[in-house]
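Protein chains in written order, with numbering that gives the first Met the number 0: chain A, 0 to 225; chain B, 0 to 389.
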Amino acid sequence: MSGLTRIAVETVTHTWQGRSGEHIALRDVSLSVARGEFVRISGPSGAGKTTLLTILGGLTRPTEGRVFLGDEYAWALSETDLAALRGQALAFVFQQADMVSSLSVLDNVALPLTLRGCPSGGTRDRALAALERLGLGSRARALPGELSGGERRRIALARAFAADPSFVLADEPTGDLDPASAAGVVDALLALQADGCGIVVVTHDSALAVPGMRHLNLVEGRISDG
Amino acid sequence: MGLRLLAEDLRHHAETTVALAVIVAAAAALTTFSWSVSSGAARAFTVGTERLGADLVVVKAGEGGDVRAALVTGKPLTAYFAEPTEQIRGVEGVEAATPQLFLSSANAWCCDEGDVLIVGIDPESDFVITPWVLRGELPVSDRIVTGAAVKRPVGLPLTFYGQRRIVAANLARTGWGYFDRAAFVSLAEVRKTARESLTRDKVVDVDVPEGSVSLVFVRATDAARAAERIRAAVPGVDVVEIGGLGAGLRATGTAATRAAAVAVVLAALVAAALVAAVVAGSVFRRRRDLALLRALGMSAPALARTVVAEVALVAAPAALAGASAGWASAALFAGWFTYRAQLPLLVPAVAAGGAMLATVTAGATLLAAATALVPAWRAAKCDPYVGLNA
């Protein structure tokens, strides 16, 4: 496991240019998440939740403000170093639970390890173990197009298990799922937290609540404690 | 990035893989074909003129225009005329003169060897074939020397006008019909064959006046002056300078080379544009996959390298296949160039051809990879979040 102890944004503002002019997605937002913590960020559509998540994970460069991955100021790193740090320490569960369409489930789960240059035998063993942990061992050879929405989300979480990250950043991980599938996803997130991961979830789902969770509200790009 | 991802990408995006392969193979094929024709024409010109060793050709008056076709395609000169060799030898500036008599085997018996140019040479004075064979292989009696296109191994018989001859030597390929399609026989034997054709059953009569020839090859110290003197001294003949013939061939070769160069440049430009378009389309269709790879830790340079490596993996075997097809096509169409376009052509053989294939394959692969760099880099620099939400 890599050694990031926190991820943080400091006084981040982010704007983007739309057809009708400039839009402010985030206004002067500061947030720090420690390893082992479970943070839920909720808010209405268009409040800037996903933007905050991608900025926190070093995927999107904010217009203003600073992003820290551990003690490193993310955007002071070279492109290659930032990508490597992201691959080592962070795992993403995107809204569409994206997977590389041409690779099998097993290869998708092994992908973060493959990108780190880990030996192929070991990566596939770890990927298979992660799939089995989430009860998806039988789907290892399937292609992403053959999976249900719930399976895709759990497989994205299995990818996080296999990668052994410091933080998992999940965007609407239970959205559109039936209650049983949503419960499975939450269980997986809790298992990751139990392994020592920091979890940041952005969601509309007010039912997503776990003991000891920190809840933040994001409204019109501003953050407030829930 | 693992080869597995590259291989799976290529397999799952077959339309892109096939399009790239077809574009690169077509460009490589056209390039190799053009290169083979261009270099083959230059090589055949050098080899042919060196082999001929003559400065002038003397033929019957009015037949000078057929000399190029006779030498390049091996079409026989059947306008016979009384042998003027001794007269020519007496002309000032003439170093050597040797007569030749042509027959076409196609006019012969039903079961004879097919389309072979039968050339009667005088072994005593010949300087066209003699330098290229051993003394014991010279055409005397029933011994003959064959060109590369006749395809009859040494020691085996060849029959024409109902008479069996034994192949004593095979000449190397020159790209000139006169050498490659010929069976060189002694002049005395050809005259005897013509005489006997008039009395043998099932053999077409060959009406060759006694003591006549098809042409006389001449070596001279000053070709232009010697030509003038021969015209003045020997009535009823045309004198063709090999230098002038060579200039005509060189002009045809230069035109072929220019056309080949234009074809290669056009092929490269069109292929580059098409490869760029195909790769741009491919990375656009895969933008979510590529964005995910970035999000999971692949750097932009590594992603660009992966896309370029995919293109190179497809381009290299496609270029090799295309180049091989181009080379084979040039060999297949060499006869068309020689016999229809009257351009001697010696398609590069294995060693030179192998080097040409390697060069074209490497060049086409590099061009495809270099062309893919721009769309690959643009895809790699795309914000992963934007890509994932595209």
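Think of the CB as a built atom: it goes at the ideal place given N, C-alpha and C, for glycine as much as any other residue.
This structure is a prediction, so every number in the text was calculated from the model and none was measured.
{"Query": "Near B/E62, which residues of its chain fall below 7 Å by C-beta distance, leaving aside the five closest residues on each side in sequence?", "Result": "L76, A78 and D237"}
{"Query": "Quick test of your reading: A/S41 and A/T10, contact by CB under 8 Å. State the CB separation rounded to the nearest angstrom.", "Result": "Their Cβ separation, rounded to whole angstroms, is 22 Å, which puts A/S41 and A/T10 out of contact at 8 Å."}
{"Query": "How would you list, in chain order, the residues of chain B whose beta-carbon sits under 8 Å from the beta-carbon of A/A82?", "Result": "R293, G296, M297, S298, A299 and A301"}
{"Query": "Starting from A/A216 and walking both ways along the alpha helix (DSSP H), at which residues does that stretch end?", "Result": "Strictly speaking, residue 216 of chain A in this sequence is Asn, with Ala absent from that position. Looking at the DSSP string, A/N216 is not in any alpha helix (DSSP H); the run it does join, the beta strand (DSSP E), is R213 to V218."}
{"Query": "For A/G35, which residues from the same chain have a beta carbon less than 8 Å from its beta carbon, with the 5 sequence-adjacent residues on both sides left out?", "Result": "Q192, G195, C196 and G197"}
{"Query": "Any beta-carbon of chain B closer than 8 Å to the one on A/T10?", "Result": "no"}
{"Query": "Determine the extent of the alpha helix (DSSP H) in which A/I154 is found, giving its start and end residues.", "Result": "G148 to A162"}
{"Query": "Leaving aside the five residues before and after B/L302 along the sequence, list all residues of the same chain whose C-beta is less than 8 Å from its C-beta, in chain order.", "Result": "L289, L292, R293, A375, A378 and A379"}
{"Query": "Would you verify that the beta carbon of B/E7 is, or is not, closer than 8 Å to some beta carbon of chain A?", "Result": "yes"}
{"Query": "How would you list, in chain order, the residues of chain B whose beta-carbon sits under 7 Å from the beta-carbon of A/F91?", "Result": "A294"}
{"Query": "Taking C-beta pairs closer than 7 Å, name the residues in chain B that A/D97 reaches, listed in chain order.", "Result": "R287, L291 and L387"}
{"Query": "Check whether chain B comes within 8 Å of A/R152, counting only Cβ atoms and requiring the distance to be less than that.", "Result": "no"}
{"Query": "Any contact between the segment 88-96 of chain B and the segment 215-231 of chain B? By contact I mean 3 or more CB pairs, one from each, below 8 Å.", "Result": "yes"}
{"Query": "For B/N169, which option in B/T158, B/S213, B/A193 and B/I128 has the closest C-alpha, if you only look at C-alpha atoms?", "Result": "B/I128"}
{"Query": "Skipping 5 residues on each side, what residues in its chain have a beta carbon closer than 8 Å to that of A/H22?", "Result": "T14, W15 and Q16"}
{"Query": "Check whether chain B comes within 8 Å of A/P43, counting only Cβ atoms and requiring the distance to be less than that.", "Result": "no"}
{"Query": "For chain B, is any of its Cβ atoms less than 8 Å away from the one on A/M0?", "Result": "Any reading at A/M0 must be qualified, since the residue scores a pLDDT of 42, below 50, and its modelled position is unreliable; no value is offered."}
{"Query": "Flag A/Q16 as yes if its beta-carbon sits less than 8 Å from any beta-carbon of chain B, otherwise no.", "Result": "no"}
{"Query": "What three-state label does DSSP hand A/M0 in the structure shown?", "Result": "With a pLDDT of 42 at A/M0, under the threshold of 50, the predicted position of this residue should be treated as unreliable, though the coordinate-derived value follows. Reduced to three states, the DSSP call for A/M0 is coil."}
{"Query": "Can you tell me which of the three DSSP states B/W175 falls into?", "Result": "coil"}
{"Query": "Take A/D27 and list the residues in its own chain whose beta-carbon comes closer than 8 Å to its own, dropping the five residues that flank it on each side.", "Result": "T10, V11, T12, G64 and R221"}
{"Query": "Using a Cβ-Cβ cut-off of 6 Å (strictly less than) and excluding sequence neighbours within five positions of B/G174, which residues of its own chain qualify?", "Result": "A43, P343, L344 and L345"}
{"Query": "Please give the ranges of any beta strand (DSSP E) in the segment 31-71 of chain B, keeping only runs that are unbroken, at least 3 residues long and fully inside the region.", "Result": "55-59"}
{"Query": "Can you name, in chain order, every residue of its own chain whose Cβ lies under 7 Å from the Cβ of B/E94, other than the five neighbours on each side?", "Result": "R218, A219 and T220"}
{"Query": "Between A/I154 and A/L127, which are expected to be in contact by the criterion C-beta below 8 Å, what is the C-beta distance as a whole number of angstroms?", "Result": "Not quite, the Cβ-Cβ distance comes to about 12 Å (not below 8 Å), so this is no contact."}
{"Query": "Tell me the rounded alpha-carbon separation between A/P210 and A/G2.", "Result": "25 Å"}
{"Query": "What does a CB cutoff of less than 6 Å around B/L319 pick up in its chain, not counting 5 residues either side in sequence?", "Result": "T360"}
{"Query": "Start and end of the beta strand (DSSP E) containing A/L30?", "Result": "G20 to A33"}
{"Query": "Mapping DSSP to helix, strand and coil, what is A/F93?", "Result": "coil"}
{"Query": "Taking its Cβ as the centre, do 16 or more other Cβ atoms sit within 10 Å of B/A254, making it buried, or is it exposed?", "Result": "exposed"}
{"Query": "Are the segment 181-189 of chain B and the segment 11-29 of chain B in contact at 8 Å, needing three or more beta carbon pairs?", "Result": "no"}
{"Query": "So does the segment 316-333 of chain B actually touch the segment 349-360 of chain B, counting three or more Cβ pairs closer than 8 Å?", "Result": "yes"}
{"Query": "CA-CA distance, B/Q341 and B/G247?", "Result": "10 Å"}
{"Query": "What's the call for B/R10, buried or exposed, on a 16-neighbour Cβ count within 10 Å?", "Result": "exposed"}
{"Query": "Pick out whichever of A/D175, A/L189 and A/I6 has its Cα sitting closest to the Cα of A/L89.", "Result": "A/I6"}
{"Query": "Which two residues bound the contiguous beta strand (DSSP E) that contains B/A371?", "Result": "Premise fails: B/A371 lies in the alpha helix (DSSP H), V349 to K380, not in any beta strand (DSSP E)."}
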